[in-house]
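Peer 1:
There are 4 protein chains.
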Amino acid sequence: MNNVRVGMIGYKFMGKAHSNAYRALPMFFSNVLRPELKAICGRDARGVEEARERFGWESAETDWRRLVARDDIDLIDISAPSDVHKEIAIAAAASGKHIFCEKPLALSLADSIEMLNAAEKAGVKHMVGFNYRFAPAVQLAKKLITEGRIGQIYHFRGQFLQDWIVDPEFPLVWRLQKEIAGSGSHGDLGAHVIDMARYLIGEFQEVIGMSETFVKERPLSLTTAGLQEQGGRSGLRGPVTVDDATLFLARFAGGTLGSIEATRFAAGHRCTHSFEINGSKGSLKFDFERVNELQVYFTDDADDVQGFRRVLATDSAHAYSDAWWPPGHALGYEHTFTHEVHELMMAIAENRQPCPSFEDGAACQAVLEAVDKSITERRWVAISELR
Amino acid sequence: MNNVRVGMIGYKFMGKAHSNAYRALPMFFSNVLRPELKAICGRDARGVEEARERFGWESAETDWRRLVARDDIDLIDISAPSDVHKEIAIAAAASGKHIFCEKPLALSLADSIEMLNAAEKAGVKHMVGFNYRFAPAVQLAKKLITEGRIGQIYHFRGQFLQDWIVDPEFPLVWRLQKEIAGSGSHGDLGAHVIDMARYLIGEFQEVIGMSETFVKERPLSLTTAGLQEQGGRSGLRGPVTVDDATLFLARFAGGTLGSIEATRFAAGHRCTHSFEINGSKGSLKFDFERVNELQVYFTDDADDVQGFRRVLATDSAHAYSDAWWPPGHALGYEHTFTHEVHELMMAIAENRQPCPSFEDGAACQAVLEAVDKSITERRWVAISELR
Amino acid sequence: MNNVRVGMIGYKFMGKAHSNAYRALPMFFSNVLRPELKAICGRDARGVEEARERFGWESAETDWRRLVARDDIDLIDISAPSDVHKEIAIAAAASGKHIFCEKPLALSLADSIEMLNAAEKAGVKHMVGFNYRFAPAVQLAKKLITEGRIGQIYHFRGQFLQDWIVDPEFPLVWRLQKEIAGSGSHGDLGAHVIDMARYLIGEFQEVIGMSETFVKERPLSLTTAGLQEQGGRSGLRGPVTVDDATLFLARFAGGTLGSIEATRFAAGHRCTHSFEINGSKGSLKFDFERVNELQVYFTDDADDVQGFRRVLATDSAHAYSDAWWPPGHALGYEHTFTHEVHELMMAIAENRQPCPSFEDGAACQAVLEAVDKSITERRWVAISELR
Amino acid sequence: MNNVRVGMIGYKFMGKAHSNAYRALPMFFSNVLRPELKAICGRDARGVEEARERFGWESAETDWRRLVARDDIDLIDISAPSDVHKEIAIAAAASGKHIFCEKPLALSLADSIEMLNAAEKAGVKHMVGFNYRFAPAVQLAKKLITEGRIGQIYHFRGQFLQDWIVDPEFPLVWRLQKEIAGSGSHGDLGAHVIDMARYLIGEFQEVIGMSETFVKERPLSLTTAGLQEQGGRSGLRGPVTVDDATLFLARFAGGTLGSIEATRFAAGHRCTHSFEINGSKGSLKFDFERVNELQVYFTDDADDVQGFRRVLATDSAHAYSDAWWPPGHALGYEHTFTHEVHELMMAIAENRQPCPSFEDGAACQAVLEAVDKSITERRWVAISELR
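Protein chains in written order, with our numbering: chain A, 2 to 388; chain B, 2 to 388; chain C, 2 to 388; chain D, 2 to 388.
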């Protein structure tokens, strides 16, 4: 079994998460292809070298085109900002490399489809980074639904609630600027909820949304990086050009009713990526802030002991548990990436597409855009209008 | 201080809750007008006599018109089914009696306004039975918002989730028939959420909804009563003519974004009447299944101990606590009615309108109808279109 | 079916709770003997008359001996302070009246046994007020254990945690004075935990305890009443002569290991009367602050969905649910008294002893005293040493 | 800054946890000495080689004496079974190596003290593996106590509840055999609770305990390894020679009352290592099954919003948060080891003893033995009796 030689573009938040996943995989999982941390790439030579050394990559590049051109690389990992995903992915496909691209796949549905087409034409593996699918508690939800133990699904309620910009003096970082981020909480957080819904429930049929920017101007920093401000403030204010919150109603192809919300203005919620599912035979509840737990209810429990069970998804019956620690020993955020990379390596070994693939990335983008359109046009929009 | 002589129409679920409230009030609260249980009224002579005896009323009537005509009655309590509210209320007003009417105030906004006008013209007190306002935890939420301790409100998420008809073999009781019930979960459950939102957040501006009847036909019983089947089944099935679930998005006049859902198909939820409110200074969470608790978050807590507090609203600082038991001793569902009747007696004593009044009943009805209209016309509907 | 004519001594906290229970019983339960609120008794003529009027009693007495002597009384309810229980109970028995006595039954085991013997000799019904048994969630726990669904019981952990005297400036009320209260948190709170353990697990075999008075002196008030201070402070301090906290380990006759704690120094716990039970087939958890809930775990649940279920004990399968409200509608503290009185009325109708009887009161007292002895003598004490 | 060259003995559960910690440290923390994974050691050549390859160690040894003798090693990590800790530690000290030893430090207090003396005499750093101290939520608890924000501590309640041997057909693994494991749940789980208590509250003064082996005989396996059975069953049964559960009461030197329990018979508890602390100014609650959360209560919160706060210890104000992910992104079990190794590297760099050191290991052992003695002699035992 050969190793999979990885070249990764980006070395900040996602770069760190991916590096850790590649390193952890062989230590905890056996019988899986090994990622080889071949080269890490970023524009700032000093920054990328520091990351190379710290995260344990073999070499560093400052030009992604050089990285993509290298013939000792099998897989291009795109952990760079969203606005460069498309160009890199298409180049990687052209040079016959597998592609693992962070979400959102691209800034538009059209771009996403172009990327998907390029990857399919090149015959390479393509994966998009919806890591939350890979929490064992979410895998359990999927299993229970697939096995029919929740029955026909009537309701999906999904939320991604954060609170890091509730303070109006929080500066105008790049994530609040449309030209760089593409979207606000809708594309950043809502995309995760949409993918979760597609994974667990199926395809969206039609949507109608509502959106708001509560704080319209924010202080300008001299420089900003990621979520954090660097340097002092300029004394000026600039306009926030993305949504602070976006909500939408949805009807799924299978008849499920959906209610979805993404906001960065939910004080007290650091990272509440949650869902509840109600079916004819039971219900499921998940909250990422308690990532190891799934709440499960069955209608056919004995009538004097009906109630939501708090299942700690760390038992031997749960996904990935063999790789880690004994029951009850918590996993965390980063493990979702290790599992994601596990799926990627398995797909390469088995010569099949990983799941979620660029198809899922594009499908998610279609829903995001349908919601945007529904907001602009103040009407229900069918997903089919977009593809 | 004179007693307030009450004549009540209806003796089932709500009749029992109201009777208990009238009886409990003077025992737990001092310095408040006393309700005198003068007469209970229902069509079935045997049933009403049994209720009279059991609930402790002085006399019984079988014709509500006779009750309304009696000159030893100060207050008419309408706990009868929704379709007779209007006629009784207008007659009561005409005879100069105060009116306490269960929700929904009427089957339509037009009827609600007629009732309101009649009561105002007659100069009587008028109250509508949105009892959930009177849970001490909800009163605490109101207080925190009013005092500005939650700041500007960005989000309101309200739900009323039940599960008593998830089983498709549950029979076609009257609550599932439009001609009697007027509405399904929307009018029955959603009305409570709408009132809670109006109480805590303010007026709705525009809405868009979605609705579904998941189980379209159900077994016909020989007879049904309330939520329960009586007698055997007929072997036939009939159409469910109300909504099983209704969801809607809302924009409030003050800029808050709302997401509201009412369903009877949420397995595992016996009575989850819940809300979450996110503001610029904090957040609030409430779930009626834990009626004594309010979750409270403040953004200005010291930065190492920020988190939702579970406040048990039974301390001396909380509404109504002096009347009941020491801190930590739970109140239940029925206490919301006792507090409601307390407000009614106080309003009569102070010669002011109780809150919530018929105005609130009509305002709630306007939102319900706006949602219905938005579903039919598949577009955003402003509340102002209806009044 | 005749009514049961009640004469009650005491009109404060317990007097209010009992009055409410007698009044509520016939309204919510049918086919049960009716308590008739014949006479209420207290030393202060004005206070007892006010209570009579407010709680709805027919007449008032200021001398309990006169009350006990009345021939229009069937049942003497002793809601007076603990130090007079014995004398009243023995007199009531002597005059052939049934007795319902608040806990603790008496200030000593010897007194308890005297009371029990007097009641048995007189052939009257005798009940002691361990009301927590009557929460539906506790009844469910009992049912699951009795039916063998939890298996052999290995562990019982019981706590009664309060925090009303954490503040060292809280005054020296009578509950903190040994000559009046007999005991501190041990007798007041620990007694409830001991009764719960006996009810659910069985008899204690041996115990060893530890006790502490954290705040040794407190301000003296001019007057105090119940838990509350009245009048100003005297400027002096007096010694606290009861325990602030008492913990003990226990071995039950059936082999269960027990750990029991009662304290008034658990900041944040208003009224955490809780237990956890671990058996060979499952576990149970209860906390009175969420009185309607029982957490239930079964070892034989499917291996991918094992977890504690939060059962809301308000379903039709649960005790007393028919009498009250639909599923999910909370009951509160006072309902435990209504159910307790229901048991008393049923026992009288069926000519059997109610449960818990004076035997249970005495058995609880034996455990309390064994713990005291173990603390004094710093050794394990068998319950059999005391009887 | 030189690397710290590590030689580790043991490659099973703890070997994996430690390997991961050494590898993760430099990736997530900067400005800290780097552990160099020099050599891994175990008796089974094939097993250790497989571990070497998988966990990323440079070389492998099968004889710990050879490892200890190597001059390219700075630190000996003892992750081997408890019965060999002493001999290895003393040899490591003799050869001038720093020592990081898993808990329990040894099988007896005498051995622990010998190890401590050897390490001190050699002037090497010595650390014992009480990893739970290093959960950020526990660090927060420590900080709040140290800063006086909880006030004087009245109560400590600590539990370690597991359920992996509730099934009486679970085989007689080595952990259930006294000659190998030394102790059952007391030494395995109780030791963690004792260390937590010492860390947060201070020294124990006297204890009295109770112990039980519920299932006295278990099936013998042909072979067993760790917690898991390997190979078939022999058809025979052998005696369980350790405790299934041990509980004890404690008095701390500072006046705190303690109640501590360790059991493997708490169905539904996979890994409930929990504590509650009640002080004069507030309370703290922790449960390892929700490792990122600390419940915090303050008595001086405004009187209408008092309640336990659920603090997610992942904010920038919390220990180690800078190294990991944004707020709300869960850490897991393994992170406690990374933080532990961080402390070890810092101590070496700063030329001070790490905390917890062998002194803490020995102090914990003293409490364990005092409890054992109290059980045997059925009396309170002062810790001072043992040292």
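Just so you know, even glycine gets a beta-carbon here, dropped at the ideal spot from N, CA and C.
For B/Asp168 and A/Asp301, what's the separation of their Cα atoms in angstroms?
Peer 2: Between B/Asp168 and A/Asp301, the C-alpha separation is close to 11 Å.
Peer 1: Are three or more beta carbon pairs between the stretch 351-370 of chain B and the stretch 14-28 of chain C nearer than 8 Å?
Peer 2: The answer is no - the stretch 14-28 of chain C does not touch the stretch 351-370 of chain B, with fewer than three Cβ pairs under 8 Å.
Peer 1: Residues in its own chain within less than 7 Å of A/His193 by CB, not counting five upstream and five downstream?
Peer 2: If we look at A/His193 and ignore the five residues flanking it on each side, its Cβ neighbours are Phe131, Tyr133, Phe161, His274.
Peer 1: Can A/Met211 and B/Leu250 be called in contact, C-beta distance under 7 Å?
Peer 2: Contact: yes.
Peer 1: State the beta-bridge partners of C/Phe161 as determined by DSSP.
Peer 2: Paired residues: C/Ala263, C/His274.
Peer 1: Quick one: Cα of A/Glu290 to Cα of A/Leu190, how far?
Peer 2: Looking at the two C-alpha atoms, the distance is approximately 14 Å.
Peer 1: How far does the alpha helix (DSSP H) with C/Ala364 in it extend, from its first residue to its last?
Peer 2: 359-378 is the span of the alpha helix (DSSP H), which, as asked, contains C/Ala364.
Peer 1: I need the boundaries of the alpha helix (DSSP H) containing D/Glu62, first residue and last residue.
Peer 2: Unbroken run through D/Glu62 is the beta strand (DSSP E), 60-62; no alpha helix (DSSP H).
Peer 1: Below 6 Å CB to CB, which residues in the same chain sit around C/Ile376 once its five sequence neighbours on both sides are set aside?
Peer 2: Excluding positions up to five away in sequence, the list reads Gly210, Ser212.
Peer 1: For C/Asn279, does the count of other Cβ atoms within 10 angstroms reach 16, so buried, or fall short, so exposed?
Peer 2: So C/Asn279 counts as buried.
Peer 1: Which residue wins for smallest C-alpha separation from D/Ala92, given the options D/Ser109, D/Ala111, D/Glu115?
Peer 2: Answer by Cα proximity: D/Glu115.
Peer 1: Check whether the stretch 173-190 of chain B and the stretch 237-246 of chain B touch, using three or more Cβ-Cβ pairs below 8 Å as the test.
Peer 2: A contact exists between the stretch 173-190 of chain B and the stretch 237-246 of chain B.
Peer 1: List the residues of chain D that C/Phe29 touches, going by C-beta distances under 8 Å, in chain order.
Peer 2: Going along chain D, no residue has its Cβ under 8 Å from C/Phe29, so there is no contact; the nearest lies around 32 Å.
Peer 1: Taking just the CA atoms, how far does C/Ala303 sit from C/Phe276?
Peer 2: C/Phe276 and C/Ala303: Cα-Cα distance of roughly 26 Å.
Peer 1: Are B/Met128 and B/Ser80 close, meaning C-beta to C-beta below 7 Å?
Peer 2: Contact: no.
Peer 1: Go to A/Thr247, then tell me how far its alpha helix (DSSP H) extends in each direction, as first and last residue.
Peer 2: Here A/Thr247 belongs to no alpha helix (DSSP H); instead the beta strand (DSSP E) covers 246-253.
Peer 1: If we define contact as Cβ-Cβ less than 7 Å, is C/Phe1 a contact residue for chain A?
Peer 2: Given that chain C is displayed from residue 2 to residue 388, the structure contains no residue 1 of chain C and the question cannot be resolved.
Peer 1: On the DSSP letters alone, give me the boundaries of the alpha helix (DSSP H) that D/Leu201 sits inside.
Peer 2: Taken as a continuous stretch (DSSP letters only), the alpha helix (DSSP H) holding D/Leu201 covers 192-201.
Peer 1: Verify the CB distance criterion: does D/Asp304 have a CB-CB separation below 7 Å to chain B?
Peer 2: Taking Cβ atoms only, chain B reaches closer than 7 Å to D/Asp304, which makes this a yes.
Peer 1: Using a Cβ-Cβ cut-off of 7 Å, state whether B/Ala92 counts as contacting chain D.
Peer 2: B/Ala92 does not count as touching chain D.
Peer 1: Which runs of the beta strand (DSSP E) spanning at least 3 residues fall entirely within the stretch 39-126 of chain B, listed in chain order?
Peer 2: List check, beta strand (DSSP E) in window: 60-62, 76-79, 99-102.
Peer 1: Along chain C, which residues have their Cβ under 7 Å away from the Cβ of A/His319?
Peer 2: Result: Asp305.
Peer 1: Just to make sure I have the definition right: I need the residues of chain B whose C-beta is within less than 7 Å of the C-beta of A/Glu62. Which are they?
Peer 2: Within chain B, no residue comes near A/Glu62; the closest Cβ sits about 39 Å away, beyond 7 Å.
Peer 1: Just to confirm, is the Cβ distance from C/Ile100 to C/Ile74 under 7 Å?
Peer 2: No, the Cβ-Cβ distance between C/Ile100 and C/Ile74 is not below 7 Å.
Peer 1: Alpha carbon to alpha carbon, how far is C/Tyr200 from C/Gly227? Give it in angstroms, no decimals.
Peer 2: Confidence at C/Gly227 is low in this model, with a pLDDT of 48, below 50, so its placement is unreliable and no value can be given for it.
Peer 1: In chain A, which residues lie with their C-beta within 9 Å of the C-beta of C/Leu313?
Peer 2: Result: Gln307, Gly308.
Peer 1: Which same chain residues end up closer than 8 Å to B/Ile384 when comparing Cβ atoms and leaving out the 5 residues on each side of it in sequence?
Peer 2: Cβ within range, chain order: Glu204, Phe205, Gln206, Glu207, Val208, Ala367, Val368, Ala371.
Peer 1: Using a Cβ-based criterion (distance less than 6 Å to any ligand heavy atom), does C/Lys13 qualify as near the ligand ZN?
Peer 2: For the structure depicted, the ligand ZN is absent and the ligand set is empty, with no information on it obtainable.
Peer 1: What residues in the stretch 239-264 of chain D bring their beta carbon closer than 8 Å to a beta carbon of chain A?
Peer 2: Within the stretch 239-264 of chain D, no residue qualifies.
Peer 1: Given that C/Gly280 touches chain D, what residues does it touch there, using C-beta distances under 7 Å?
Peer 2: Result: Ala268.
Peer 1: Answer yes or no: does any C-beta atom of chain A fall closer than 7 Å to that of B/Arg379?
Peer 2: Closer than 7 Å: yes.
Peer 1: Report yes if the C-beta distance between B/Ile395 and B/Val5 is below 7 Å; otherwise report no.
Peer 2: Chain B is shown from 2 up to 388; residue 395 of chain B falls before or after that span and cannot be answered.
Peer 1: For B/Tyr298, which residues does DSSP report across the bridge?
Peer 2: Its beta-bridge partners are B/Ser284.
Peer 1: Determine the DSSP secondary structure at D/His156, reduced to helix, strand or coil.
Peer 2: Note: D/His156 maps to strand in three-state DSSP.
Peer 1: Contact criterion: CB-CB distance below 7 Å. Does B/Trp58 meet it with respect to chain C?
Peer 2: By this cut-off, B/Trp58 is not an interface position.
Peer 1: Just mark B/Thr147 as buried or exposed, buried being the case when its beta carbon has 16 or more other beta carbons within 10 Å.
Peer 2: The residue in question, B/Thr147, is exposed, as its Cβ has fewer than 16 Cβ neighbours within 10 Å.
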